[in-house]
Amino acid sequence: MTTTIDEVKESFETSPFFSLVGFEITRFEAGHVTLELEVKEKLLNANGTLHGGVHASMIDIILGMAIRSETKTRCTTINLNTHYLAPVSSGVITAKGRILQQGYKIVTAEGELFDEAGQMIAKGTGSYKLIRSKK
C-alpha cells in the first residue's frame, strides 16, 4: 500500500501529543514542511521562557515530518542533538526541517526553530531509522 502525502500529514495531526502541545502544520509538501506553535503559559519553564523539552520535541517532530514527507515511510528517532540559541516567552515559533543524508535504513536530518522576528532560537540534528513494512 502506498502512503499519500495527505495520509502522512493526517497521521501527525491526529497524534495525541501533537494536539496536547498545540502544534499546527502550516505547510506539508514533499520536502517542504513547516510547523508552528503559539507559545502559551502552560509551555513555559520556571524562568518564564519556553521549556527546552518543547524545543526538542518540536525539532524531533519537524525532522520526522521532513523524513516522512519525502520517504512516505514511518521512522523512529535514534538520536537527537538540540542547540538552544535564544530564549522565547511569547509569540509564535516556526520550525523547518530537511533531510541531510538518506540511506536505505538510516536518515540524518536537521531543523531550526525561529521566533516571530525570524531569529533562530534553536537548531537540531537527528538520526532516524526508517521502519519499512515487511513484504
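Here numbering that gives the first Met the number 0 is used: the first residue of the sequence shown is 0, the next is one more, and so on.
Backbone N, C-alpha and C fix where the C-beta goes; we use that ideal spot for every residue, glycine too.
Small disclaimer: the values here were computed from a predicted structure and weren't measured.
query, result
"Cβ-Cβ distance between ILE98 and SER126 below 7 Å", "no"
"Length of the line joining the Cα atoms of ALA65 and GLY102", "15 Å"
"Distance, LYS39 Cα to CYS74 Cα", "29 Å"
"Beta-carbon contacts of ALA116 that lie in its chain and below 8 Å, excluding the five residues immediately before and after", "none"
"Contacting residues, own chain, Cβ-Cβ under 7 Å from GLN118 (five flanking each side not counted)", "ALA85"
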